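Step one of this worksheet: look at the structure below.
In the working numbering, the protein residues as written are 2 to 264.
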């Protein structure tokens with residue numbers, strides 16, 4: 002018995018209506034979905050930390066989510082694990098004709114163009130005629146903005162130079178400040194303008210070859226690392242953070258930055 006067969010058998014036993022686990026056998030697609038998201042982030046966290054011992058286990062947890070969905074679908078006569086494997090295998094072969102077929106694609110640009118063309122054809126077969134039809138609503142907002150912009154760029158709805166992209170960021174920032182400085186601030190309008198600014202910033206990030214979601218995650222980690230060191234510096238001065246002045250905290254912040262640059 003292969004390990005995947007062992008896992009599938011375990012899942013079958015857990016879902017057995019008579020002898021299965023009371024928790025596992027009452028789960029549905031919608032109740033399991035939040036765990037799938039959690040397990041995905043745990044995989045990404047292990048990769049970020051380069052903790053490959055943990056990664057092995059986290060990937061197993063994520064695979065179990067797929068097996069769980071496959072079992073529930075099989076019980077409803079929808080599809081099973083073999084169908085899932087067949088679907089992804091078919092897709093990979095179809096999208097790599099330069100490997101599994103006789104189509105000549107010799108550089109990354111032509112491969113990327115063919116990939117997008119194939120996806121458009123697949124969407125058309127599903128009666129998804131808009132370039133945006135299958136962009137998941139559940140993606141994190143920055144990631145979804147990037148994907149939306151990439152999709153529309155693929156059909157030519159994009160600036161060809163960086164200048165207009167930068168100008169748009171400045172324009173949106175001005176509109177945010179205009180709303181923020183009104184005598185009576187319309188919070189809904191202000192939030193709309195902030196959203197436009199973030200969308201424009203994602204577009205700038207995309208044009209510069211970066212992914213805003215990853216860039217912001219990195220910025221979050223940097224800020225957290227520096228703030229924890231600020232807390233340590235303030236504590237070494239015999240103070241709690243709420244007792245320190247902003248001037249003292251700013252001085253500690255600059256000290257942390259200087260120490261990083263000196264390393």
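The C-beta atom is built at its ideal place from N, Cα and C for all residues, glycine as well. Please read all numbers here as calculations on a predicted model, not as lab measurements.
Report, in whole angstroms, the separation of the C-beta atoms of residue i and residue j, which I expect to be a contact under 8 Å.
| i | j | result |
| --- | --- | --- |
| residue 99 | residue 105 | 7 Å |
| residue 194 | residue 214 | No, residue 194 and residue 214 are not in contact; Cβ-Cβ is about 21 Å, not under 8 Å. |
| residue 41 | residue 63 | 6 Å |
| residue 231 | residue 203 | Actually they are not in contact, since the Cβ atoms of residue 231 and residue 203 sit about 29 Å apart, beyond 8 Å. |
| residue 169 | residue 207 | With 8 Å as the limit, residue 169 and residue 207 do not qualify as a contact, their Cβ atoms being about 12 Å apart. |
| residue 81 | residue 75 | 4 Å |
| residue 33 | residue 66 | 7 Å |
By DSSP, does residue i sit in helix, in strand, or in coil?
| i | result |
| --- | --- |
| residue 3 | coil |
| residue 131 | coil |
| residue 99 | helix |
| residue 156 | coil |
| residue 187 | coil |
| residue 202 | helix |
| residue 151 | helix |
| residue 119 | helix |
| residue 80 | coil |
| residue 142 | helix |
| residue 137 | coil |
| residue 162 | coil |
| residue 22 | coil |
| residue 49 | helix |
| residue 108 | coil |
| residue 211 | coil |
| residue 17 | coil |
| residue 37 | helix |
| residue 182 | coil |
| residue 29 | coil |
Below 9 Å between beta carbons: does that hold for residue i and residue j?
| i | j | result |
| --- | --- | --- |
| residue 261 | residue 222 | no |
| residue 2 | residue 68 | no |
| residue 16 | residue 73 | yes |
| residue 132 | residue 145 | no |
| residue 1 | residue 173 | This structure cannot speak to residue 1, because the chain is shown only from 2 to 264. |
| residue 148 | residue 166 | no |
| residue 39 | residue 47 | no |
| residue 238 | residue 249 | yes |
| residue 117 | residue 88 | no |
| residue 71 | residue 9 | yes |
| residue 184 | residue 191 | no |
| residue 35 | residue 26 | no |
| residue 143 | residue 217 | yes |
| residue 163 | residue 209 | yes |
| residue 235 | residue 253 | yes |
| residue 124 | residue 134 | yes |
Is the CB of residue i under 9 Å away from at least one CB in chain C?
| i | result |
| --- | --- |
| residue 219 | Checking the listed chains, one finds no chain C in this structure; it contains a single protein chain. |
| Whole beta strand (DSSP E) elements within the stretch 228-259, 3-residue minimum | none
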